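To keep things clear, I will list the structure first and then write my remarks on it.
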Amino acid sequence: MPRGYAGKYLEVDLTKGKTQDTTIDEGTLEAFFGGRGLGAKILWDRIGDRWAEVDPLGPDNILLALTGPMTGIYPGGRICVTGKSPVSNGTIGSTASTEFAHELRTAGYDGVIVTGRASSPVYILVTEEGGEIRDAGHLWGTMGEDTLKILNKEVSEELTKRKPNVGLWKEPGMIYVGPAGENMVRNAGVMTKLCHAAGYGGYGSVMGSKNLKAIVAKGRGRLPDVWAPEAVKLLWRKAHEELIARDSFRRQGTGYGGWSTGATLSSEPVRNWQEEWHDERTFGGPMFETRFWVKKYWTDFNCTCNCMKLSCIPSGRWAGDITDNPDYELQSYLGTNFGVFDPADNIHLSALVDNLGHHAIGAGNAAAFAAELYQRGILTEEDLGFKLEWGGAEAFDRLLRMMAFREGIGDVLAEGTYRAAKKIGEIKGVDCMPYVVHVKGIEVGAHGTRSDHDFLAHDISYAVNVQGGDHTSAASDGFRELSGAVFSDSGVICSFARTPQHIIFGLAKAITGYPITIDSWRRVTGPRIVTLQRALLLLGGPDVTWTPVVDDENPPRFYEPLPSGPWKGRTTDRGLVERKRLAYFETLGWDERGIPRTETLKRLGLEDLEPSMEGFRE
Amino acid sequence: MKPIWIVRDYEECTGCRRCELACSLHHEGWFWPEASRVRVFMPFPGVEVPHLCAQCDDYPCVNACPTDALSVDEDTTAVLMDEEKCIGCSKCIEACPGSVPILHPETGKAAICDLCGGDPECVKVCHEARYDALRLVEEGMSKNRKLFSRHPIDVARDLAVKFFGEKGEEVI
Numbered sequence: 027m028p029r030g031y032a033g034k035y036l037e038v039d040l041t042k043g044k045t046q047d048t049t050i051d052e053g054t055l056e057a058f059f060g061g062r063g064l065g066a067k068i069l070w071d072r073i074g075d076r077w078a079e080v081d082p083l084g085p086d087n088i089l090l091a092l093t094g095p096m097t098g099i100y101p102g103g104r105i106c107v108t109g110k111s112p113v114s115n116g117t118i119g120s121t122a123s124t125e126f127a128h129e130l131r132t133a134g135y136d137g138v139i140v141t142g143r144a145s146s147p148v149y150i151l152v153t154e155e156g157g158e159i160r161d162a163g164h165l166w167g168t169m170g171e172d173t174l175k176i177l178n179k180e181v182s183e184e185l186t187k188r189k190p191n192v193g194l195w196k197e198p199g200m201i202y203v204g205p206a207g208e209n210m211v212r213n214a215g216v217m218t219k220l221c222h223a224a225g226y227g228g229y230g231s232v233m234g235s236k237n238l239k240a241i242v243a244k245g246r247g248r249l250p251d252v253w254a255p256e257a258v259k260l261l262w263r264k265a266h267e268e269l270i271a272r273d274s275f276r277r278q279g280t281g282y283g284g285w286s287t288g289a290t291l292s293s294e295p296v297r298n299w300q301e302e303w304h305d306e307r308t309f310g311g312p313m314f315e316t317r318f319w320v321k322k323y324w325t326d327f328n329c330t331c332n333c334m335k336l337s338c339i340p341s342g343r344w345a346g347d348i349t350d351n352p353d354y355e356l357q358s359y360l361g362t363n364f365g366v367f368d369p370a371d372n373i374h375l376s377a378l379v380d381n382l383g384h385h386a387i388g389a390g391n392a393a394a395f396a397a398e399l400y401q402r403g404i405l406t407e408e409d410l411g412f413k414l415e416w417g418g419a420e421a422f423d424r425l426l427r428m429m430a431f432r433e434g435i436g437d438v439l440a441e442g443t444y445r446a447a448k449k450i451g452e453i454k455g456v457d458c459m460p461y462v463v464h465v466k467g468i469e470v471g472a473h474g475t476r477s478d479h480d481f482l483a484h485d486i487s488y489a490v491n492v493q494g495g496d497h498t499s500a501a502s503d504g505f506r507e508l509s510g511a512v513f514s515d516s517g518v519i520c521s522f523a524r525t526p527q528h529i530i531f532g533l534a535k536a537i538t539g540y541p542i543t544i545d546s547w548r549r550v551t552g553p554r555i556v557t558l559q560r561a562l563l564l565l566g567g568p569d570v571t572w573t574p575v576v577d578d579e580n581p582p583r584f585y586e587p588l589p590s591g592p593w594k595g596r597t598t599d600r601g602l603v604e605r606k607r608l609a610y611f612e613t614l615g616w617d618e619r620g621i622p623r624t625e626t627l628k629r630l631g632l633e634d635l636e637p638s639m640e641g642f643r644e
Numbered sequence: 002m003k004p005i006w007i008v009r010d011y012e013e014c015t016g017c018r019r020c021e022l023a024c025s026l027h028h029e030g031w032f033w034p035e036a037s038r039v040r041v042f043m044p045f046p047g048v049e050v051p052h053l054c055a056q057c058d059d060y061p062c063v064n065a066c067p068t069d070a071l072s073v074d075e076d077t078t079a080v081l082m083d084e085e086k087c088i089g090c091s092k093c094i095e096a097c098p099g100s101v102p103i104l105h106p107e108t109g110k111a112a113i114c115d116l117c118g119g120d121p122e123c124v125k126v127c128h129e130a131r132y133d134a135l136r137l138v139e140e141g142m143s144k145n146r147k148l149f150s151r152h153p154i155d156v157a158r159d160l161a162v163k164f165f166g167e168k169g170e171e172v173i
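Chains as they are written, first to last, in the numbering used here: chain A, 27 to 644; chain X, 2 to 173.
Here you go:
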């Protein structure tokens with residue numbers, strides 16, 4: 027058996043109501059590792075030539091919840107949720123930190139493969155005894171917090187009933203959807219732990235389309251055996267030493283970013299990206315920390331990086347709202363991008379979005395897009411039923427609920443910003459595309475490119491990214507990100523729990539015994555994964571397909587000059603984007619339009635993609 | 002050696018569960034959270050309760066053991082378990098006011114914190130990470146110890162109110 031893997035995957039056919047264990051051959055595991063890479067491979071193997079016809083929200087799509095060989099052992103274990111994305115129509119390796127991941131592994135499974143569609147709401151329970159499909163009628167319609175509370179209690183009681191004498195049963199781990207996922211809000215998140223989400227890709231709506239409310243796991247076994255246990259133990263300690271030494275990150279997480287990113291890097295979305303700078307000190311870290319952080323050092327299983335801050339609103343109209351941080355993305359997308367600069371409003375909107383099961387970046391982007399249309403008079407009070415002004419937290423609260431339950435204009439916005447813009451454009455006879463901040467349908471993360479000072483995003487970060495606007499997977503040079511995000515998402519570990527690469531890759535090798543190096547990921551495994559993802563993205567469909575080069579582009583807004591701040595007037599350089607895009611394609615062995623070349627497919631062991639790619643070449 | 006005890010400051014626990022990993026590395030040789038003698042319960046996100054033996058002054062578990070598998074370490078005051086004698090009857094779990102012991106997932110024998118012979122691994126990793134939710138003190142036997150032998154869900158309910166105020170009353 028390959029080392030570092032629990033050794034089996036749970037296959038669940040919701041149409042037939044059957045579960046069974048399955049294995050994946052070692053060659054495939056070594057070639058695609060886990061999570062994002064393995065997910066793309068499983069999808070291609072099973073969907074293949076039918077890719078363009080398969081409706082991501084239909085029973086033919088496959089939902090995958092996968093760990094990787096690093097999960098639970100390297101600090102900060104995550105689950106990777108993937109499938110054909112209803113947002114990009116390609117695949118996104120969408121990850122979230124959660125105890126579900128190691129519970130799955132200690133129950134003896136590396137992942138869950140869900141096919142078909144249940145006739146009524148269900149959830150899947152995974153234990154050492156195997157998988158079972160259980161009724162979720164009583165959970166359908168519940169908000170995230172209630173889902174979590176009910177399942178924690180119900181599953182613990184059930185397991186206690188089955189094995190009453192072994193001592194207290196601890197709560198299980200789980201991933202679930204809120205009303206947004208149930209109602210197939212196209213970009214809905216897969217939620218976990220109240221305020222964590224596998225947001226990008228819209229896999230919450232895929233779960234909803236399958237009538238699948240949650241996947242719950244409880245294991246009592248060991249984490250998988252590894253190839254070199256003594257080396258793993260040493261490197262595990264070393265990795266934690268590195269994380270523990272990162273003092274300011276541990277104190278602040280990304281919860282200081284709301285003010286400081288805008289003020290110092292000028293790359294933060296403000297009022298639907300009309301600006302990327304603000305100097306609203308009311309939104310500074312200490313204003314969150316002093317009043318709202320009730321647990322300053324909060325973290326997930328086997329992690330000492332402490333990016334999380336448990337927040338609770340102690341009093342006032344939103345008393346009792348609980349969330350994490352909010353982190354930088356949510357401070358931006360549910361704060362500055364709404365023109366909201368009040369920490370309590372921001373915490374409330376974050377808790378609301380978590381509870382509804384929205385992907386905060388996606389839903390925040392779509393709601394702010396609507397607000398800009400309102401600002402421009404394209405959408406009116408009549409269309410919405412209320413005034414949608416910048417800074418109006420109650421109005422955004424209302425809109426986000428309407429989106430989750432698909433009421434009124436919310437039904438249109440629930441299709442995600444790109445598709446909503448097309449529809450509103452048709453109805454109103456106005457081109458709304460200039461105000462859509464997306465790449466390949468994926469709403470762009472809160473890191474602008476115009477100032478060129480963000481720590482992450484420059485020029486082609488999103489334009490050529492096989493995961494579109496996903497900032498966690500931003501493209502750089504077709505090289506570095508392959509041993510970075512592509513590896514982390516396949517491993518499946520957290521990219522915040524970053525340690526020097528020799529530790530990460532030392533662990534990867536010690537865990538699996540595979541001859542893994544940074545270089546092997548930059549030259550072979552990484553290119554194999556992104557080339558496969560690129561091919562699936564090009565195949566796209568059925569409702570939208572992307573045109574090479576034309577759609578390998580930044581949102582129009584990123585070419586408008588910044589209207590304010592220290593880099594006022596600056597914008598993204600179109601010529602540079604073109605040159606970098608070409609260089610990126612070239613580095614990965616794709617032609618000048620980004621179509622993987624025949625010899626590249628051959629070199630990476632992806633020959634079976636050749637017939638599908640032929641038609642794209644000119 | 003002086004008697005020792007592990008202080009638990011629940012609100013300092015971050016939920017990293019390295020105590021579980023360190024404990025299982027020491028006792029089992031590998032990462033095995035559910036075989037750990039300290040387990041962190043999290044019945045609601047953010048409300049984390051490290052759950053481990055409190056070494057009660059009257060040792061109800063030791064007294065309840067029908068096979069004399071349990072005894073008290075005279076140096077550390079820890080409960081010691083003799084694998085040969087344990088029959089996995091769960092009487093110790095029933096007798097414990099906090100339901101702390103577990104039956105080992107593989108052997109089916111009772112597993113209880115033995116204070117690692119005087120230098121507990123859980124305390125070391127917790128201190129290393131500068132949380133000190135678990136701290137070692139040199140402290141003689143005390144009646145107060147037994148107050149910490151509580152059901153983790155009861156502890157979590159109190160903790161939730163401490164963190165979330167009135168809202169905390171309804172989360173667990």
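Note that beta-carbon positions come from the ideal geometry of N, C-alpha and C, so glycine has one too.
Note that the structure is predicted; figures quoted are calculated from it, not measured.
Taking 4 residues as the shortest admissible run, the stretch 371-458 of chain A contains the following complete alpha helix (DSSP H) segments, listed from N- to C-terminal end: 386-401, 407-410, 419-430, 435-439 and 443-454. With respect to the C-alpha of Ile530 (chain A), the residue from A:His266, A:His304 and A:Ala501 having the closest C-alpha is A:His266. Taking a cut-off of 8 angstroms for Cβ pairs, the stretch 156-164 of chain A and the stretch 87-98 of chain A do not touch, as fewer than three such pairs fall below it. For Gly53 (chain A), no beta strand (DSSP E) segment is defined; the enclosing uninterrupted segment is the alpha helix (DSSP H) at Glu52 to Phe58. In this structure, the beta-carbon distance from His28 (chain X) to Leu194 (chain A) does not fall below 9 angstroms.
When the alpha-carbon of Gly388 (chain A) is set against those of A:Val252, A:Thr287, A:Glu407 and A:Gly207, the nearest one is in A:Gly207. Counting the other Cβ atoms within 10 Å of the Cβ of Phe364 (chain A) gives 16 or more, which makes it buried. According to DSSP, Val107 (chain A) shares a beta bridge with A:Ala91 and A:Ser120. Taking a C-beta distance under 9 angstroms as the contact criterion, Thr443 (chain A) and Asn491 (chain A) do not qualify as a contact pair. Residue environment analysis places Gly620 (chain A) among the buried positions, since at least 16 neighbouring C-beta atoms fall within 10 angstroms of its C-beta. Here Asn237 (chain A) is buried, its C-beta having at least 16 other C-beta atoms within 10 Å. With fewer than 16 neighbouring CB atoms inside 10 Å of its own CB, Pro460 (chain A) falls in the exposed class. Contact annotation: Val8 (chain X) and Leu116 (chain X) have beta-carbon atoms that are not nearer than 9 angstroms.
Here the C-alpha atom of Ile73 (chain A) lies approximately 13 angstroms from the C-alpha atom of Ile139 (chain A). A straight line joining the alpha-carbon of Met200 (chain A) with that of Ser286 (chain A) spans about 34 angstroms. For Tyr60 (chain X), no Cβ of chain A is located within less than 9 angstroms of the residue's own Cβ. Taking one beta carbon from each stretch, the stretch 489-508 of chain A and the stretch 549-564 of chain A have 3 or more pairs nearer than 8 angstroms; the two touch.
Taken in chain order, the complete alpha helix (DSSP H) segments of 4 or more residues contained in the stretch 120-178 of chain A are 125-132. Where Lys321 (chain A) is concerned, the enclosing beta strand (DSSP E) starts and stops at Trp319 to Trp324.
Taking 7 angstroms as the upper bound on Cβ-Cβ separation, chain A lies near residues Ser91, Ile94, Ser100 and Pro102 of the stretch 73-102 of chain X. For Pro553 (chain A), no Cβ of chain X is located within less than 9 angstroms of the residue's own Cβ. In the DSSP secondary-structure assignment, Lys67 (chain A) is not bridged to any residue.
Put simply, the stretch 472-483 of chain A touches the stretch 285-299 of chain A. At least three CB pairs are less than 8 angstroms apart. For the pair of segments examined, the stretch 167-184 of chain A was found not to touch the stretch 115-126 of chain A: the number of CB pairs separated by less than 8 angstroms stays below three. Excluding residues up to 5 positions away in sequence, Ala91, Ser120, Val216, Ala224 and Tyr229 lie with their Cβ nearer than 6 angstroms to the Cβ of Val107 (chain A) in the same chain. Taking Ile468 (chain A) as reference, the option from A:Val603, A:Phe412, A:Tyr202 and A:Leu563 with the minimal CA-CA separation is A:Leu563. Residues of chain X whose Cβ lies closer than 7 angstroms to the Cβ of Cys329 (chain A) are, in chain order, Cys17.
DSSP places Cys338 (chain A) in the strand class (E or B) of the three-state scheme. Using a Cβ-Cβ cut-off of 8 angstroms, Glu140 (chain X) is close to nothing in chain A; its nearest Cβ partner there is about 26 angstroms away.
At a cut-off of 9 angstroms, the C-beta of Thr325 (chain A) has a neighbouring C-beta in chain X.
Residue environment: Glu398 (chain A) is assigned as buried (16 or more neighbouring CB atoms within 10 Å of its CB, all protein chains considered).
Excluding sequence positions up to five before and after Ser150 (chain X), its CB lies within less than 6 angstroms of the CB of Ala55, Cys57, Pro98 and Gly99, all in the same chain and listed in chain order. Residues of chain X whose Cβ lies closer than 9 angstroms to the Cβ of Cys338 (chain A) are, in chain order, Gly47, Phe164, Phe165, Gly166, Lys168 and Gly169. Excluding its 5 nearest sequence neighbours in each direction, Arg548 (chain A) has C-beta neighbours in its own chain below 6 angstroms: Phe505, Leu508 and Ser509, listed in chain order. Take Trp616 (chain A), set aside five residues on each side of it, and the residues of its chain with a beta-carbon closer than 6 angstroms to its own are Pro622, in chain order. Between the stretch 564-583 of chain A and the stretch 446-461 of chain A there are three or more inter-stretch CB-CB distances shorter than 8 angstroms, so the stretches are counted as touching.
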